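Numbering (my numbering), first residue to last: 48 to 320.
In structure tokens, the structure reads:
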């Protein structure tokens, strides 16, 4: 197993202000050598375009490798509880009865509050996959409502996800309508060019150059490469990102297990989300 001292793995996390949130949202300040300031990374994912308030789905058990039982990101029940008691019902199924999430209104308000507190030039809002599909509205509009949801939440970078399979004819247009970077490391070159999805993007925040590499799901229905070929195709993007940036973030739409597998192997990634 490769050393993970330089890398940090974030699985399912919840960070709230006063109300339960719809989905994973994290604020992470990352120090960088030679800089007195830090950059805040605001992260959310798997919203499934579920805009309305509702009941959270809290797993009773999260399974993982035996070598990581009881450790992040394989926590369950009481072991997943946080110092802030208001988050515990989102992590411990035994406490989730009667809890309601706030939907996009609460999540969007919290993200904007965090941006205002940090300063818009000092933070970067990242969106992981499965945000443009899941709701009836998303299917009715063939992904257009997902684009509007991302804009409502203020995401600045996202990774290409299930919309490629669900609406292949509309996908490139949806990405143009989104107007921000949609990344596709792991896609075949011809597909990435047709969709307009570079492997990574570099953004300067708080005087720090942050490279975000968008890692796509190797098991998606439109992907034919073997797992080995997929992994090998990622390496040049991370190597180039490492040369161009102070901080390299892997925005991985692959699930927690493969994400942990990647974190153990990607020597050029500082952070895996």
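Note that beta-carbon positions come from the ideal geometry of N, C-alpha and C, so glycine has one too. Small disclaimer: the values here were computed from a predicted structure and weren't measured.
- Residue 303 sits in a helix when the DSSP states are folded into three classes.
- Beta-bridge annotation (DSSP): residue 230 is paired with 206.
- From the listed residues 237, 259, 263 and 218, the smallest Cα separation to residue 231 is found for 263.
- Residue 192 and residue 280 have their C-alpha atoms some 32 Å from each other.
- Counting the other CB atoms within 10 Å of its CB gives residue 241 a total below 16, which places it among the exposed residues.
- Straight-line spacing of the CA atoms in residue 310 and residue 182 works out to 31 Å.
- Inclusion of residue 265 and residue 229 in the CB contact set at 8 Å is not warranted, their separation being larger than that value.
- Counting only residues of its own chain and dropping the five nearest sequence neighbours on each side, residue 205 has a CB closer than 6 Å to the CB of 174 and 229.
- By the C-beta density criterion, residue 136 is buried, having at least 16 other C-beta atoms within 10 angstroms.
- Look at the beta carbons and you see the region 150 to 162 touching the region 84 to 94: at least three pairs across the two are nearer than 8 Å.
- Per DSSP, reduced to three states, the secondary structure at residue 98 is coil, with no helix or strand assignment.
- Listed in chain order, the non-local C-beta contacts of residue 260 below 8 Å within the same chain comprise 230, 232, 246, 247, 281, 284, 285, 288, 295, 296, 297, 298 and 316, local neighbours out to five positions each way being set aside.
- Residue pairing of residue 315 in beta bridges, as defined by DSSP: absent, with no partner found.
- DSSP, read as helix, strand or coil, puts residue 264 in coil.
- The straight-line gap separating the alpha-carbon atoms of residue 215 and residue 268 is approximately 12 Å.
- In its chain, beyond the 5 residues on either side, 151 and 155 have a beta carbon closer than 8 Å to the beta carbon of residue 199.
- Straight across, the Cα-Cα distance linking residue 293 with residue 223 is about 28 Å.
- DSSP, reduced to helix, strand and coil, places residue 147 outside both helices and strands of the structure shown, so it counts as coil.
- Here DSSP, grouped into helix, strand and coil, assigns residue 271 to coil.
- Under the criterion of beta carbons closer than 8 Å, residue 210 and residue 190 qualify as touching, at roughly 5 Å.
- Residue state for residue 258 is assigned as strand, using DSSP reduced to three classes.
- Here residue 297 carries a strand assignment [DSSP, helix/strand/coil].
- Annotated as proximal: residue 244 and residue 207, with beta-carbon spacing under 8 Å.
- Contact between residue 201 and residue 158 holds: their C-beta atoms lie close to 6 Å from each other, under 8 Å.
- In this structure, the straight-line span from the alpha carbon of residue 187 to that of residue 238 is close to 25 Å.
- Per DSSP, reduced to three states, the secondary structure at residue 87 is strand.
- With contacts defined by Cβ atoms closer than 8 Å, residue 96 and residue 166 do not form a contacting pair.
- Of the candidates 251, 272, 236 and 177, 251 places its Cα closest to the Cα of residue 169.
- Under the three-state reduction of DSSP, residue 250 is assigned to strand.
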